Every structure is written in structure tokens, then in C-alpha cells.
Amino acid sequence: MRCNEIMAGARADCALKIYGHDHAELERIATAARDVLRTVPGGGDVEFDALGRTPVLEVTPRRDALRSLALHADEINAVIGTMIENERRFDVVVRLPEAARHDIDALGQLPVIAHGGTVQVPLSRVAAFAVAARVGTITREDTQRRVAILINVRGRDTEGFVFEATERLRAEVDFPAGYAFEFGGQFENLQAARTRLTVVVPAALALIFLLIYASFGSLRQAALVFLCVPLAATGGVVNLWLRDMPFTISAAVGFIALSGIAVLNGIMLISYFNQLRAQGASVRAAVIEGTLTRLRPKLMTALVASLGFMPMALATRLGAEVQRPVATVVIGGIITSTCLTLLVLPVLYDWIESRQLSTQRNPSSSHAS
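Every letter in the sequence shown is one number past the one before it in our numbering, and letter 63, counting from 1, is 63.
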């Protein structure tokens with residue numbers, strides 16, 4: 001909650017911010033919006049953020065009575081409130097018995113000194129008392145008055161909840177001219193992070209491909225290694241679907257980590273194939289021996305990573321909403337990556353490299369065909 005408040009100004013996963021100029025109208029809109037949000041599937045906790053009114057005792061001077069007694073409003077302030085003297089403010093606290101604090105008639109009997117200290121008159125003679133409900137807190141953002149509704153999304157992705165809630169609010173809540181709303185909190189962070197990821201992820205994958213190409217010096221082998229990324233991502237997507245978990249920024253981070261693990265496994269396998277071929281083995285022999293030799297190290301790597309992430313995948317306490325998507329993606333991706341890399345990658349390597357050798361040995365027949 002504290003991190004949410006620091007980042008987005010709201011102590012919840014998501015916040016509906018309503019902007020306008022009249023606070024009474026904002027309260028009406030916020031109440032209607034809260035009732036709508038409570039009926040949207042996924043809205044677990046829907047509450048106001050510091051909205052409401054508190055009872056206030058108002059003391060209004062009676063100007064006619066003040067003039068007849070030659071009193072000044074400062075003399076009333078000296079009895080009930082703040083006294084200003086020589087540009088300095090002094091808080092005056094009047095303590096009454098507990099029984100008299102809620103009795104306006106008793107408050108009205110407080111004495112006020114008039115006529116230079118020769119006359120005492122009751123406060124009720126020179127001032128009117130009234131209890132009124134007043135706004136306790138007025139929040140502003142971007143020079144506009146704002147009220148917020150805090151929402152903790154339960155059992156649903158935040159983006160889907162916000163999209164459905166937006167449609168419902170526009171259809172069922174009347175927003176006069178000059179009043180608008182927007183969703184903030186984690187949804188706002190999600191949009192910003194997604195914008196960054198659309199740039200960062202392709203750039204990272206392109207850099208990985210260039211590094212693989214620089215390592216092998218072959219486009220076809222670099223493409224083979226890079227094939228491990230979609231093979232691993234398939235397992236991550238399937239595991240999210242099996243656990244009925246939405247795609248989140250945490251899951252995106254898991255896919256990035258999974259891509260690195262998958263590429264490392266592919267490099268380990270293909271580099272060993274090349275090493276065996278450099279020692280004189282044929283393509284088929286290098287593939288068979290290399291796959292069987294690297295079977296145990298790859299299985300050990302997959303088991304260690306999967307078992308290491310298992311506590312995070314089963315977490316239910318604080319932080320589980322961040323840990324579970326990452327672990328779910330990594331575990332599912334490692335399983336499919338290990339299986340498919342040991343099956344698909346050797347077959348493709350044998351097929352591509354055998355065709356390449358055949359083309360190099362018979363360039364004329366390749367050209368004629």
C-alpha cells in the first residue's frame with residue numbers, strides 16, 4: 001500500500017480519479033461511480049479515499065448585538081478561537097466538562113467581557129451557534145479539485161477490469177461538462193511499463209541475436225538458437241492459461257528471464273554439435289552423440305531452475321502477486337524449452353547442416369535445380 005501511494009498517490013491497486021470544480025457535484029458523481037464499480041466483476045474493495053463530511057460547530061457573530069454592546073469580533077475570538085495580537089496568533093483552547101461539550105446551550109453561557117470589563121454578557125447574546133456538516137479534506141491535482149475511489153482488483157486482470165469499468169461509467173454515470181475521470185495506480189503503471197517494453201524487448205532480442213551471430217558466425221545457426229525463445233515462450237503462455245492467471249508486468253519480466261535461459265540452453269547444445277564436428281564426426285553422429293551427452297546437464301539445469309522457482313509459484317502471502325506470475329512463466333517455459341530443444345533443435349540442425357553440406361559438395365546440381 002505504501003509503495004502504491006508513493007508511485008501513484010493511491011493506497012490501492014487501482015484508483016478512479018474524478019476531476020471537477022464543485023465539491024458537492026464531485027461527491028454525487030463519486031457516489032454513483034462507486035455503486036457502479038461495486039457491480040463490475042473483479043472489484044474486490046471499492047472505497048472512497050478521504051471523501052465525506054465532518055460535523056463542525058459554527059459560531060457566527062451577531063453584528064447588531066456587537067454594535068449595541070460596543071464589542072469587537074476579536075473579543076469573541078478571544079473566547080472561542082484564535083487571538084491575534086501584534087501580528088502574532090495565539091491558539092485559545094476552552095475546555096468544558098464532557099457533558100457540556102455537546103450542549104450548545106451550555107456553550108452559549110460562556111462569558112464575554114463588554115464595556116471595558118464592567119459588563120459580562122453570555123456568548124449566545126452576541127453570536128449564533130449551529131452545527132453543520134463540512135468537507136474535511138479537499139484534494140487537488142493539476143490545479144483541479146479531485147476525489148478518488150480506491151479499488152483492489154481481485155481474481156481478474158487490472159486492464160480488463162478498467163476497460164469494462166470505463167464503459168459502464170460512461171453509460172451509467174452522468175458527467176456534466178467540466179467533469180472528467182481517469183484510472184490511475186497500477187493500471188497507469190501498466191500502461192507506462194507496456195510502452196517501455198514495446199521498445200526494450202525487441203531491442204533486447206535483437207541484441208541477443210547479434211551476440212549469437214557473433215559467437216557462431218552463421219545466420220542459420222543463430223536462427224536455430226533463437227528458435228529456443230518461442231519454444232520456451234509457448235510453455236510460459238500455456239502455464240499461465242492452466243493456472244488462470246492474467247498477463248502482467250511481472251509475467252513479462254518472467255518471459256524476458258526465460259528467453260535468456262532458453263538461449264543459453266540452445267547455445268550449449270549447438271556449440272557442442274559444432275565441437276564434435278570439428279573433431280571429425282559427421283552431422284548425424286554429432287547430433288546423436290551431442291544430444292545424448294547433453295541430456296543430463298540440460299535436465300539438471302531445468303530441474304534446479306524449476307524447483308527453485310516452485311516456492312514462488314505457490315506463494316500466497318505478501319508479494320505473491322509479483323512472485324507467482326514470474327515463477328509460473330519460468331517453470332512452464334523451462335519445461336517446454338527443455339523437451340522441445342532436445343527434440344526439435346537436433347532434428348532441425350541435422351536437416352539444415354546436411355543440406356548445407358550437400359549444397360557445398362554439389363554446387364552445380366543445386367544451381368540446376
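Every residue, glycine too, gets a C-beta built ideally from N, C-alpha and C. The structure displayed is predicted, hence computed values, not measured ones.
In whole angstroms, what is the alpha-carbon distance linking GLY333 and ALA313?
13 Å
For LEU26 versus ARG145, is the C-beta spacing smaller than 8 Å?
yes
In this structure, does DSSP put ALA127 in helix, strand or coil?
strand
Proximity to HIS21 [Cα-Cα], best of GLU47, PHE181, LEU150 and TYR272:
PHE181
If contact is defined by three or more beta carbon pairs under 8 Å, each pair taking one atom from either stretch, is the segment 187-206 in contact with the segment 158-174?
yes
Taking C-beta to C-beta, are VAL329 and PHE255 nearer than 8 Å?
yes
At which residues does the beta strand (DSSP E) containing ALA15 begin and terminate?
14-20
Using the beta-carbon count (16 or more within 10 Å), is SER358 buried or exposed?
exposed
Candidates PRO325, THR338, LEU37 and GLN356: closest to GLN221 by CA position:
GLN356
In terms of residues, what are the limits of the beta strand (DSSP E) holding LEU153?
Position check: residue 153 holds Val in this sequence, whereas Leu was assumed. 144-153 is the extent of the beta strand (DSSP E) around VAL153.
At 4 residues or longer, what runs of the alpha helix (DSSP H) sit wholly inside the segment 233-270?
none
Take ILE84 and list the residues in its own chain whose beta-carbon comes closer than 6 Å to its own, dropping the five residues that flank it on each side.
Interpretation of ILE84 is limited by its pLDDT of 49, a score under 50 that renders its predicted location unreliable; the figure taken from the coordinates is listed afterwards. Within the same chain, ILE84 has no close Cβ partners at all.
Closer than 7 Å: is that where the CB of LEU292 sits relative to any heavy atom of the ligand SAH?
Ligands displayed in this structure: none; no statement on the ligand SAH is therefore possible.
Spatial neighbours of GLY290 in its chain, beta-carbon cut-off 7 Å, leaving aside the 5 residues before and after:
LEU269, TYR272, PHE273 and LEU276
I need the straight-line Cα distance from ASP105 to CYS14, nearest angstrom please.
47 Å
Skipping 5 residues on each side, what residues in its chain have a beta carbon closer than 6 Å to that of PHE247?
none
By alpha-carbon positions, which one of ILE18, GLN360, GLN323 and LEU307 ends up nearest to VAL173?
ILE18
ALA165 and VAL40: beta carbons closer than 8 Å?
yes
What do you get for GLU167, buried or exposed, if any count of 16 or more other CB atoms within 10 angstroms of its CB means buried?
exposed
Within its chain, find whatever has a CB closer than 8 Å to the CB of LEU219; leave out the 5 residues flanking it on each side and keep chain order.
TYR213
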